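Colleague: Take the sequence shown: its letter number 112 is residue 112 in our numbering, and every next letter is one higher.
Can you keep this structure in mind? I'll have questions shortly.
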Amino acid sequence: MDVLVTGGSGRLGERLTAPLQAAGHRVRRMSRRGTGPGGVRGDLATGFDLDLAVRGAELVVHAASDPQGDPWQVDVAGTRRLVEALDRGTVRHLVYVSIVGVDRIPFGYYRAKFAAEQVLLASGLPVTLLRVTQFHDFVDFLLDSARRGPVVPVPMGWRVQPVDVGEVAAHVADVVARPPAGGVVEYAGPEEHSAGDLARAWAAARAPGVHVVSTPVPGKLSAAFRDGAALPTGGERGLRTYGQHLHG
């Protein structure tokens with residue numbers, strides 16, 4: 001089938017082509033610039049070239065997001081634009097890649113992702129809302145960004161279950177071929193960790209000599225992470241652990 005991947009130049013979008021093509025699909029990766037193999041230009045923030053980019057799409061993997069910019073413009077308003085542009089007579093399944101905990105964690109970006117989910121549920125399109133946990137390499141990025149010289153401060157008691165991005169890509173290719181769920185399904189890594197445990201494993205493998213300091217963080221956001229709001233409540237699991245990622 002003809003598969004359109006939004007966010008085609010992103011961390012996950014770039015990994016989706018291989019498993020989708022291996023399943024026999026024709027893949028187009030939509031991004032604002034439309035570069036790279038299979039690249040088509042389409043801008044969810046403005047709607048520019050969107051009608052042309054989505055034309056003929058039978059399966060859609062909606063992986064576009066803007067966590068560093070204005071997610072309400074891209075993730076929410078952009079999802080509305082995507083819904084309006086798609087041919088309802090052609091689309092058989094739309095899989096939206098969301099995040100575990102968007103309905104439970106009081107964080108602005110997560111609220112935008114949850115609002116985008118509601119847009120899709122109200123659209124009448126055949127949808128699956130696939131919530132996944134944090135990618136291993138995103139954990140690496142967060143820890144490296146948090147490093148202050150010889151110290152990495154991490155929030156005390158935060159609980160997460162990171163997942164391999166390649167396994168997520170393969171799982172997305174499986175999910176898009178299934179019947180639409182019409183609601184939320186989850187996918188996570190194989191192991192639950194505290195933020196401190198992840199940081200110590202990362203420091204040992206990537207930054208020897210760096211000292212991890214677990215710091216109490218007040219507020220509702222921190223309480224949600226401590227209470228397990230970022231952990232899956234069901235769904236399927238990947239196999240590759242964070243330790244294997246660090247030493248792979």
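We treat Cβ as the ideally placed atom computed from N, Cα and C, and that holds for glycine.
Just so we're clear, the structure is a prediction, and the values are computed from it rather than from any experiment.
For the beta strand (DSSP E) that contains residue 28, what are its first and last residues?
Modeller: Element bounds for residue 28: 26-31.
Colleague: Check this for me: beta carbons of residue 154 and residue 215, under 8 Å apart or not?
Modeller: For residue 154 and residue 215, yes; Cβs fall inside 8 Å.
Colleague: Sort out for me which residues DSSP pairs residue 152 with in a bridge.
Modeller: Per DSSP, 212.
Colleague: Residue 118: buried (16+ other C-beta within 10 angstroms of its C-beta) or exposed?
Modeller: Exposed is the call here.
Colleague: So which of 227, 165, 99 has the shortest CA-CA distance to residue 158?
Modeller: The shortest Cα separation from residue 158 among 227, 165, 99 belongs to 227.
Colleague: According to DSSP, what are the bridge partners of residue 96?
Modeller: Per DSSP, 62, 129.
Colleague: What does the Cβ neighbour count give for residue 52, buried or exposed, with the cut at 16 atoms within 10 Å?
Modeller: Result: exposed.
Colleague: Who are the Cβ neighbours of residue 57 in its own chain at under 8 Å, not counting the five residues just before and after it?
Modeller: Answer for residue 57: 2, 3, 4, 28, 86, 87, 90, 91, listed in chain order.
Colleague: Just the Cα atoms here: how many angstroms apart are residue 174 and residue 26?
Modeller: The straight-line gap from Cα to Cα measures roughly 15 Å.
Colleague: Excluding the 5 residues preceding and the 5 following residue 240 in the sequence, name in chain order all residues of the same chain whose CB lies nearer than 7 Å to its CB.
Modeller: So the list reads 164, 167, once near-sequence residues are dropped.
Colleague: Is it buried or exposed, residue 141, if we count other Cβ atoms within 10 angstroms and call 16 or more buried?
Modeller: Classification for residue 141: exposed.
Colleague: So, with DSSP's three-state summary, where would you put residue 111?
Modeller: Three-state DSSP puts residue 111 in a helix.
Colleague: For residue 64, which residues from the same chain have a beta carbon less than 6 Å from its beta carbon, with the 5 sequence-adjacent residues on both sides left out?
Modeller: 6, 7, 44.
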